[in-house]
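Counting with the UniProt record's numbering, you get residues 1 to 256 for the letters of the sequence shown.
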Amino acid sequence: MEYIKGIDVSHWQGAINWGEVANAGVKFVFIKATEGTSYSKLSYFKENAPLALAAGLKVGAYHYAKFATVAEAKAEAAYFLDSISSFALNYPVVLDLEENKKKANKKTLTDAAIAFLAAIEKAGYTAMLYTGKYFLENALDESRLKNYAFWIARYNRTLGRSTDIWQHSDSGKVSGISTKVDLNIAYRDFTNTINTFRTDEPRAFKTETTSTYTVTKGDTLSFIAKKHKTTVKSLVSLNGIKDPDKIYIGQKLRLK
Numbered sequence: 001m002e003y004i005k006g007i008d009v010s011h012w013q014g015a016i017n018w019g020e021v022a023n024a025g026v027k028f029v030f031i032k033a034t035e036g037t038s039y040s041k042l043s044y045f046k047e048n049a050p051l052a053l054a055a056g057l058k059v060g061a062y063h064y065a066k067f068a069t070v071a072e073a074k075a076e077a078a079y080f081l082d083s084i085s086s087f088a089l090n091y092p093v094v095l096d097l098e099e100n101k102k103k104a105n106k107k108t109l110t111d112a113a114i115a116f117l118a119a120i121e122k123a124g125y126t127a128m129l130y131t132g133k134y135f136l137e138n139a140l141d142e143s144r145l146k147n148y149a150f151w152i153a154r155y156n157r158t159l160g161r162s163t164d165i166w167q168h169s170d171s172g173k174v175s176g177i178s179t180k181v182d183l184n185i186a187y188r189d190f191t192n193t194i195n196t197f198r199t200d201e202p203r204a205f206k207t208e209t210t211s212t213y214t215v216t217k218g219d220t221l222s223f224i225a226k227k228h229k230t231t232v233k234s235l236v237s238l239n240g241i242k243d244p245d246k247i248y249i250g251q252k253l254r255l256k
């Protein structure tokens, strides 16, 4: 079976040379964006997502869940989606659910997971669930989650079940990264399943042609607006920008 080589990273990986990572044959990366409803390391995602995109990798984001109820899941999803909304991600957006410290029963935890994944889809992304093999098969009702893509961790020679992505090691070495890193193989090509921009428009409008601009060093929103005969207000609105003074190299901006 053919597969695609990828990794996932968080602030524990430190500074990364994304050009070297790409040259090592890595095709995709998931970068941790948030955790719970407040995460002090969000800047790591904001700094690295544009750099990974600029290096030619497919980039997705993941959220580490702490919820146990639907209400908590919706709050965490809102925080996560708000944090990633201005980035032109081109790989699935992921719920990382691997603990149940509040001891929710299987139905309640599955209800919460579905609420979170549904929020991802409503925002226009491809939703994916990351979890461990044992956790999926014992703490969750897998039969109710089959509409979503699966990314499953099991550090063994074989996974022993079907999945879309398998995290097969947590101690890999990749050129451009000085620490150990998680290694993944994807059995499914998500290239043509991604909606690049978050939008609350009906799905029928998500395939329309859009004009985009990739931010380069020294750019400002006022410069980009003038160059493309638009306004800063329009750019802010179209791209969900929270702070007009903060745009990132490699970030793709929707112009219309």
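The beta-carbon is built from N, C-alpha and C at its ideal position, and this holds for glycine as well.
Beta bridge counterpart(s) of residue i as assigned by DSSP
i    : result
V70  : None, per the DSSP bridge assignment.
E35  : Y64
I165 : W151 and A186
A127 : V93
L253 : Y213
F28  : G6 and K58
G176 : Answer is none; G176 lacks a bridge partner.
V181 : G172
Residue range of the unbroken alpha helix (DSSP H) whose run includes residue i
i    : result
W18  : W18 to N23
A88  : Per DSSP, A88 belongs to no alpha helix (DSSP H) and is neither H nor E.
S222 : L221 to K227
Own chain partners of residue i with C-beta closer than 8 Å, once the 5 adjacent residues on each side are dropped
i    : result
R188 : A149, D164 and I165
I114 : R144 and L145
A50  : Looking at the sequence provided, one finds Pro at residue 50 rather than Ala. The answer, listed in chain order, is F87, V215, Y248, I249, G250 and Q251.
A118 : A127
Residues near residue i in its chain [Cβ-Cβ closer than 7 Å; skip 5 each side]
i    : result
Y155 : H168, S169 and D170
W12  : T179
T34  : L42, H63, Y79, F80 and S83
A186 : Y3, I4, G6, F28, D164 and I165
A225 : T231, V232 and L235
L136 : E142 and I152
Alpha-carbon spacing of residue i relative to residue j, whole angstroms
i    : j    : result
S85  : L159 : 33 Å
V9   : S83  : 17 Å
L109 : V59  : 27 Å
Q251 : K107 : 39 Å
I152 : I120 : 19 Å
M128 : F28  : 14 Å
E142 : Y125 : 21 Å
K41  : V174 : 22 Å
F214 : G6   : Reading off the sequence shown, one finds Thr at residue 214, where the question assumed Phe. Looking at the two C-alpha atoms, the distance is approximately 24 Å.
D219 : L53  : 17 Å
L253 : L97  : 31 Å
F190 : F223 : 34 Å
N48  : K217 : 15 Å
K74  : L255 : 30 Å
K103 : I177 : 36 Å
K122 : V94  : 14 Å
V181 : K229 : 44 Å
V26  : L57  : 7 Å
I241 : A24  : 33 Å
V21  : D245 : 30 Å
Y91  : A77  : 17 Å
R157 : K227 : 54 Å
D243 : T37  : 20 Å
K133 : S162 : 10 Å
Segment limits, beta strand (DSSP E) that includes residue i
i    : result
N100 : Premise fails: N100 is in no beta strand (DSSP E) and is neither H nor E.
Y134 : Y134 -> not in any beta strand (DSSP E); alpha helix (DSSP H) instead, spanning K133 to N138.
Cutoff 6 Å; reference residue i; Cβ partners in own chain excluding five residues on either side
i    : result
T69  : A112
G19  : A55
F45  : I31 and A33
N184 : G6, I165 and Q167
A139 : N100
P202 : At P202 the pLDDT is 33, less than 50, meaning the model places this residue with poor confidence; the figure from the coordinates comes in the next sentence. Closer than 6 Å at the Cβ level, and outside the excluded window around P202, lies no residue.
Neighbour flag for residue i against chain C, beta carbons, 8 Å
i    : result
I120 : The chain labelled as chain C is not found in the depicted structure, where only one protein chain is given.
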